[in-house]
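Q: Chains A and B, in that order, are what the protein sequence lines are.
For the first sequence, the positions run 114 to 453 when our numbering is used.
For the second sequence, the positions run 136 to 528 when our numbering is used.
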Amino acid sequence: MDFRLSDDQAALAEGIRSVLAGRLPLERLRAAEGAEAAIGGEDWGVLAETGVFSLTRPEPEGAGLGVADAAVVFEELGRALVPGPLVGTFLAASAGLLEGAAEGRVQVGVHSGGGGPILLEHLASLDALLLLPGFDKRSTPRLLVPAPDASTGTRLAHPLDPLTPMWLVPTLAAGDPVADVGITLVRDGSILTAALQVGHAAEALDLAVAYAKQRQQFGKPIGTFQAIKHMCADMLVRAEVARSAVHAAACLADDAEVVASEAEAAGSTPDALVARAVMGAKMLADEAAVANARTAIQVHGGMGFTWEVPLHLHLKRSRLLATTFGSPSSLSAALSGLAP
Amino acid sequence: VDLRYTAAEQTFRDELRAWLAATLPGLPEAPASDDWPGRRTYDLAWQRLLFDAGYAGVDWPAEGGGRGASPIEQLIFKEECERAGAPYVGVSFVGLLHAGPTIIAEGSPEQKARYLPPILRGDEVWCQGFSEPDAGSDLASLRTRAVRDGDDYVVNGSKIWTSHAEVADHCELLVRTGDDGNRGISWLIMPMSSPGIEIRPLRTIAGSTEFAELFLNEVRIPVANRVGEENDGWRVTMVTLSFERGTAFVGELLECMRLLGSLTKVARRLELAGDLGLQRRLGHLVAAFDALWALTKRNVSEAAQTGVPGIGGSVFKLSFSEHSQALGDLAMEVLDRAALSADPLDGPDGEALGNEEQLHAWFKSISSTIAAGTSQVQRNIVSERILGLPKAR
């Protein structure tokens, strides 16, 4: 057992981080605030070229990597606030659901249902839509090709996340069941969404710590004060605990033997063991991302409440992601083992 | 990240599991928690069984007489012992986890030969005399003074939070031999039979006497009992801390997971399964303890590669202590009036509720954010040493 990032995984994280910093820096992404497409075709092509969508496709077309490796990459995508239908396109590419997803020629969204109005993100850019519940719900995973026409819906003038355009649509077609890979899509989609959330949690921490070292009040850096220090320490704890859960769930996704032996030791079934690990990871990552963004805003004081400081983008994106693959409150109830 | 155990690790687990299955049924009944002589006998008998089977000092290096197991094997050892319901380390705690490792690292050849084998064999018990009434989190301000008189130190002062004092043979004692601060401290082995030691048990909120205060009045300790150089005791103490491999809380964590499982069953029996608030709190703890088990594996993996568990130790303790308290609080609510009794009670179905066990765990959890470094001190450590925030002092 070696439950640390391998050297290859560390290099993978470093590699994607430097690509994102060089080619998709935040200023460039933020230039698309309020646009109909959150991320231009050229930038989407950068992600595809880098291999983001084909990581787990077998070689030579893909990198032949595992879900744990993909989680490392998605954490960096979250950190860098890369917008767009990342998870759906990755899932469609890895399961071979749609020609061109791996190469960045088509984009695939995810919708997890939920009560109330039907809001779909990135609709004008989507070629297909995956209808995927979380493991907290029993609905059948389905695929909608083509995606609903954006002209049938109304684009929101004020979506929560300025980098995620949203449409209100009146109805949603049922789509076709993807029964054979459905569980895998829910599993990997939940894990990678959770990985994005860990990225948000980690970046919010880094921003808060950097600010606490530099911002002076009462003649010293505010990071000298225990009230600030302890908030930062708690942010680290939330991020590290969530990351451990995400990596553990990803390891289970990659290794049926480990699942079998752990299920036997726990007196559980393999499916139940995986669902529990995945739901727990998603819930903890959702909570860490939202709580860390909130805390980082508090550390920044009034500046944290402004549009310029990017913390609101992390807060808003993490709220958005928390509504896919099961909300924290629904997941926690499902994890109790008491829910019907 | 890889959760697969190697063939050698799996063999270690299989052999241990078989030994535990063969050995545990033959153990006598555990003594009452306040029967200290009984506990000494019981815990040392268990230690002797471990010794005879080659599992004594599983985490000690071979040159100290231990098994020299890898951090991963240490994790497996603790996991299997907890899952099998093996006795806890008990009165052997300080000897095996603290004094022994200190003597291995810093003791003279004579000290090693004299003190290490009896710890491993289960012949002798150690206690710890570090904290003082006025030196808690700020341990380096300790004031118990040792003055040289010929071949002896003459020691005066008082110590607190000393576990197993009534049944210990030796005490690892920090004393002031020099100036104020951490450069004037020495590390001594104090025989508990020395004249001038008064032991006053301290009753905890659980009602038991887990701790004692020690009052030292003109206690003579041979200079030969000093481990390390005079005034170098602080460094000696810190060296011991570096023995931690990320497994310190494995038993407690797995126990919390087991208690959570029992509590879920009790909630169902008490017809609380439909309570959505309860579901969420239980589910939250399921996720948190699973994640902390994963974090433990990461910390141990880190220790296996680098020798120390890295940043994970404090992170783990901060999160685990709070979640163990959340579990205790939830158990008290689920048990409702049954939690008002420390004596075992049956539910409406006539089966035991396990209320006494949950209550005991609740009490224990309250100390978890205080003992071994308060959560406030841990947060300072995390923010200064890991995050690099400026020191206030």
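Glycine residues also receive a C-beta, built at the ideal position from the N, C-alpha and C atoms.
1. Note down, one range per segment and in chain order, each beta strand (DSSP E) of at least 3 residues found wholly within the region 191-272 of chain B.
2. In terms of DSSP beta bridges, what is residue 451 of chain A paired with?
3. In the DSSP assignment, find the unbroken alpha helix (DSSP H) run with residue 374 of chain A in it and report its ends.
4. Measuring only the C-alpha atoms, how far is residue 157 of chain B from residue 424 of chain B?
5. Would you tell me roughly how many angstroms separate the C-alpha atoms of residue 277 of chain A and residue 267 of chain A, rounded to the nearest one?
6. Going along chain B in order, which residues have a C-beta closer than 7 Å to the C-beta of residue 334 of chain A?
7. Along chain B, which residues have their Cβ under 7 Å away from the Cβ of residue 118 of chain A?
8. Could you confirm whether any beta carbon from chain B is found closer than 7 Å to the beta carbon of residue 353 of chain A?
9. What number of angstroms, rounded off, separates the C-alpha of residue 198 of chain A from the C-alpha of residue 500 of chain B?
10. Answer yes if the region 177-194 of chain A comes into contact with the region 215-230 of chain A, meaning at least three C-beta pairs across the two stretches below 8 Å, and no otherwise.
11. Output needed in chain order: residues of the region 438-454 of chain B with a Cβ under 8 Å from some Cβ in chain A.
12. Do residue 237 of chain A and residue 260 of chain A come within 7 Å of each other at the CB atom, strictly closer than that value?
13. Using the Cβ count rule (16 or more neighbours within 10 Å means buried), how would you classify residue 212 of chain B?
14. What do you get for residue 352 of chain B, buried or exposed, if any count of 16 or more other CB atoms within 10 angstroms of its CB means buried?
15. Name the chain B residues whose beta carbon is nearer than 7 Å to that of residue 371 of chain A?
16. Identify the residues that DSSP records as bridge partners of residue 334 of chain B: which are they?
17. Are the region 346-357 of chain A and the region 367-378 of chain A in contact at 8 Å, needing three or more beta carbon pairs?
18. Bridge partners of residue 317 of chain B, per DSSP?
19. Quick one: what does DSSP say residue 217 of chain A is sitting in, helix, strand or coil?
20. Any beta carbon of chain A sitting closer than 7 Å to that of residue 432 of chain B?
21. Could you spell out where the beta strand (DSSP E) holding residue 280 of chain B opens and where it closes?
22. Taking 6 Å as the cut-off, is the beta-carbon of residue 478 of chain B closer than that to any non-hydrogen atom of the ligand HEM?
23. 7 Å is my cut-off, CB to CB: does residue 429 of chain B come that close to chain A?
24. With 7 Å set as the bound, which would you pick, yes or no: does the beta-carbon of residue 318 of chain B sit closer than that to a beta-carbon of chain A?
25. Across which residues does DSSP place residue 354 of chain B in a beta bridge pair?
26. Can you check DSSP and say which residues form a bridge with residue 255 of chain A?
27. Report all residues from its chain with a CB closer than 7 Å to the CB of residue 433 of chain B; omit the five preceding and five following residues, and keep chain order.
28. In whole angstroms, what is the alpha-carbon distance linking residue 208 of chain B and residue 523 of chain B?
29. Locate the alpha helix (DSSP H) running through residue 387 of chain B, then write down its first and last residues.
30. Would you say residue 360 of chain B and residue 323 of chain B are within 7 Å of each other, going by their C-beta atoms?
31. Helix, strand or coil for residue 326 of chain B? Go by DSSP, reduced to three states.
32. Between residue 491 of chain B and residue 479 of chain B, is the Cβ-Cβ spacing less than 7 Å?
33. Taking only the alpha-carbon atoms, compute the straight-line gap between residue 252 of chain A and residue 425 of chain A and give it to the nearest angstrom.
34. Taking the C-alpha atoms as reference points, what is the distance between residue 283 of chain A and residue 429 of chain A?
35. Between residue 508 of chain B and chain A, is there a C-beta pair that is closer than 7 Å?
36. Pick out whichever of A:414, A:189, A:234 has its Cα sitting closest to the Cα of residue 328 of chain A.
A: Taking the structure as given:
1. 261-264
2. The partner list for residue 451 of chain A (beta bridge, DSSP) is empty, contrary to what the question assumes.
3. 369-379
4. 30 Å
5. 14 Å
6. 525
7. For residue 118 of chain A, the chain B residues whose C-beta falls within less than 7 Å of its own C-beta are 136, listed in chain order.
8. Contact with chain B is found for residue 353 of chain A, since one of that chain's Cβ atoms lies less than 7 Å from the residue's Cβ.
9. Distance between the alpha carbons of residue 198 of chain A and residue 500 of chain B: 44 Å.
10. no
11. 439, 440, 446, 447, 450, 453, 454
12. No. Outside cutoff.
13. Burial call: buried.
14. Sixteen is the threshold: since fewer than 16 other Cβ atoms of the shown chains lie within 10 Å of the Cβ of residue 352 of chain B, the residue is exposed.
15. 138, 139
16. BP columns for residue 334 of chain B point to B:349.
17. By the C-beta criterion, the region 346-357 of chain A is judged not to be in contact with the region 367-378 of chain A, since fewer than 3 inter-stretch pairs fall below 8 Å.
18. Answer is none; residue 317 of chain B lacks a bridge partner.
19. coil
20. yes
21. 280-284
22. Only the bare structure without any ligand can be found here, which leaves the ligand HEM out of the picture.
23. yes
24. no
25. B:290
26. A:244, A:290
27. 447
28. 33 Å
29. 385-404
30. yes
31. strand
32. yes
33. 33 Å
34. 24 Å
35. no
36. A:414
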